[in-house]
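To start, the structure itself, in structure tokens.
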Amino acid sequence: MKKLEIHELGEVIRKVRKDRGLRLEDLADDNISPATISNIERGMPHVSKDKAYYLLKKLEIDADQLPNLMMDEQEQLKELSIQLRLAQSRLEFGEANEALHLLNRLELEDRHPFSAEIQYLRGCCYVKRGNMKRAERAFQKGLHLAQYASAESNIEARCHLELGLCAFGSNELEHALRHMDSGIRSYHPVAPPQPVWYQLHCNRAVCLEQLGRLTESMQVVSEHWNSLTDADEVQMILTFYRLRSELSRRLKMWDEALQFAYEGEAIARRNHNLSSMFTFWTVIGTVHMDRQEWDKAEESFKTALLCEQKPLPTEDKPSYAHTYALLSVLLMQQDQSKEAYTMIEKAIQYGEEDHDALHLIQALIIQGHFYQSHDKRDQAIQSYRQALSLSQKHGYKKQIYRTLHLLAQCWDGRDEREFQNCMREIYRIQKEIQPAEEWFSDPLTPEKTIGN
């Protein structure tokens with residue numbers, strides 16, 4: 001029997017038993033235990049078909065009655081499915097409160113096959129409302145109830161995806177990666193693959209990239225590149241293009257980086273996706289910076305920042321901190337100190353407003369370099385210390401290493417005790433960092449960024 005059929009049969013048995021005022025123990029005998037009866041009623045997939053029909057016989061449910069009883073149960077499931085679709089559409093229209101109100105009216109037992117779906121949708125509503133704690137609790141409950149849902153629904157994989165995105169939004173990258181991995185493991189294959197399959201792999205690659213595990217991230221992208229034509233979500237396809245172009249750049253494959261960035265920008269433009277257009281022009285500008293093609297880089301960054309003038313929904317708003325930080329470095333290269341510092345301040349402002357820890361660290365490091373270049377060592381130390389504190393808070397080991405190295409340079413010949421403290425910490429953190437190949441052309445490498 002299929003999972004849904006097992007549930008329907010279990011529901012029929014439970015209703016008949018309840019209507020007759022019978023307990024589980026009243027039906028149990030030497031052939032069937034109360035626990036087995038409970039499993040049948042709960043629709044557990046491992047129950048014996050023979051045991052289920054034995055129970056029907058004990059309840060004197062005629063085989064001729066069963067189709068009608070099952071049909072009634074199917075009609076109830078169909079109506080419930082429509083209610084869930086209504087909630088999904090209201091959520092998509094931006095009416096999270098209305099969707100949540102509708103979901104809260106649906107009172108189902110935990111063992112119902114749609115109970116996990118309801119928790120999942122509740123979690124999505126809370127995400128839209130910005131209540132991440134309640135969202136995480138709903139997704140966790142969805143995971144717990146996934147055992148009662150059909151395998152084909154892939155509700156467990158979808159809950160892991162959303163929990164991973166919650167963790168990613170809180171800069172908990174390792175935690176996010178674990179959820180993506182768990183989602184992939186729990187995914188039940190269907191044909192064609194459901195969107196969640198690609199979303200899990202896409203976000204896994206993003207987590208690996210953000211953690212500096214570039215080779216692993218590129219491997220994920222390469223493995224799924226040829227199957228992108230089967231994916232029907234433009235944003236996910238654009239993310240794969242962004243990853244491939246940025247990873248190619250960081251691995252010093254600049255021609256390939258430009259190729260995929262331009263291809264991605266064309267897809268974004270055809271779909272009027274301003275946020276992704278911004279992202280691709282930033283990648284293109286960064287490639288030109290790597291090649292020391294300053295005019296082309298400036299042109300690309302300024303094109304990207306035209307997006308800032310356009311009204312975008314909050315969820316579509318890109319992080320401008322990174323682009324302003326890169327533009328500040330470009331202006332420093334051109335000895336435009338005043339304009340460069342203005343860009344640094346904007347980068348820091350956006351990093352703080354958007355809770356974009358990684359690029360806020362980048363901006364603070366660049367600010368430290370700016371002070372260093374103007375013989376303001378005390379201010380430089382302050383900026384580097386802020387960057388170090390933020391890196392330690394979020395566990396960004398490579399950024400911890402960099403800021404410690406920069407602080408050691410500041411203290412060298414000035415304060416031996418501080419210098420030795422930095423060197424000890426550098427030695428400790430260096431043992432935990434990924435292999436050297438993962439350091440290539442990282443946009444957060446300040447030495448590379450300022451062209452030293």
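Residue numbers for the sequence shown follow the UniProt record's numbering, so the first one is 1 and each next one is one higher. Cβ atoms here follow ideal geometry from the backbone N, Cα and C, with glycine treated the same way. Remember, it's a predicted structure, so these values are computed and weren't measured experimentally.
Selection N131, F93, E156 and R90 evaluated against E117 yields E156 as nearest (Cα-Cα). Apart from sequence neighbours up to five positions away, the residues of its chain that approach Y120 with a beta-carbon distance below 8 Å are A138, F139, G142, I155, R158, C159 and E162, ordered along the chain. When the beta-carbon positions are compared, L238 and S276 come within less than 7 Å of each other.
Classified as buried, G164 has 16 or more neighbouring CB atoms from the shown chains inside 10 Å of its CB. Assignment of H175 by DSSP, reduced to helix, strand and coil, places it in the helix class.
Around the Cβ of K398, a 10 Å sphere holds 16 or more other Cβ atoms; the residue is buried.
Exclusion of the five residues before and after A297 leaves G285, H288, M289 and L330 as the residues of its chain whose Cβ lies within less than 6 Å of its Cβ. If you draw a 10 Å sphere on the C-beta of S222, you find fewer than 16 other C-beta atoms in it, and that means exposed. Spanning the alpha carbons of S115 and A149 requires a straight line of approximately 8 Å.
In the DSSP assignment, S276 falls within the alpha helix (DSSP H) that extends over L274 to D290.
The C-beta distance from C166 to E136 rounds to 5 Å, short enough to fall under 8 Å. It is roughly 28 Å from the alpha-carbon of S373 to the alpha-carbon of H394. A380 and H175 have their C-alpha atoms roughly 32 Å apart.
Counting every other CB atom within 10 Å of its CB across the protein chains shown gives P189 a total below 16, marking it as exposed.
Non-local beta-carbon contacts of Q367 in its own chain, meaning distances under 6 Å to residues more than five positions away in sequence, involve I344 and S383 in chain order.
Residue L364 holds the alpha-carbon nearest to the alpha-carbon of Y341 among Q88, E352, L364 and L258. Under the three-state reduction of DSSP output, A149 falls in the coil class, being neither helix nor strand.
In terms of Cα proximity to A357, the closest of L388, L24 and E339 is L388.
A direct Cα-Cα distance of roughly 7 Å separates L84 from L103. Distance from the CA atom of R242 to the CA atom of F260, rounded to whole angstroms, is 8 Å. Put simply, the backbone Cα of L327 is about 11 Å away from that of D295.
By the beta-carbon neighbour count (other beta carbons within 10 angstroms, threshold 16), T323 is buried. In the three-state reduction of the DSSP assignment, K57 falls in the helix class, which pools H, G and I. Taking V127 as the centre and dropping the five residues before and after it, the same chain places the C-beta of A135 closer than 6 Å to its C-beta, in chain order. Here F370 is buried. Its C-beta has 16 or more other C-beta atoms within 10 Å.
Taking each of G43, G169 and E8 in turn and checking the Cα distance to H355, the smallest one comes out for G169.
In this structure, the alpha-carbon of Q362 lies about 34 Å from that of D232. For P34, the closest of I400, E95 and L24 by C-alpha to C-alpha distance is L24. In this chain, C307 is not harboured by any alpha helix (DSSP H), its DSSP state being neither H nor E. Just measuring C-alpha positions, the residue of V12, N226 and L86 sitting nearest K57 is V12. In the DSSP annotation of this structure, the continuous segment of the alpha helix (DSSP H) that includes K397 starts and ends at K397 to W411. Collapsing the DSSP output to three states places M236 in a helix. The beta carbon of P195 is closer than 6 Å to those of E233 in its chain, skipping five residues each way along the sequence.
Restricted to the segment 109-166, the alpha helix (DSSP H) segments that are unbroken, complete and at least 4 residues in length are 115-129 and 132-145, listed in chain order. Judged by DSSP in its simplified three-state form, L103 adopts helix. Residues of the same chain with a CB within less than 7 Å of the CB of A52, apart from the 5 flanking positions on each side, are L9 and I40 in chain order.
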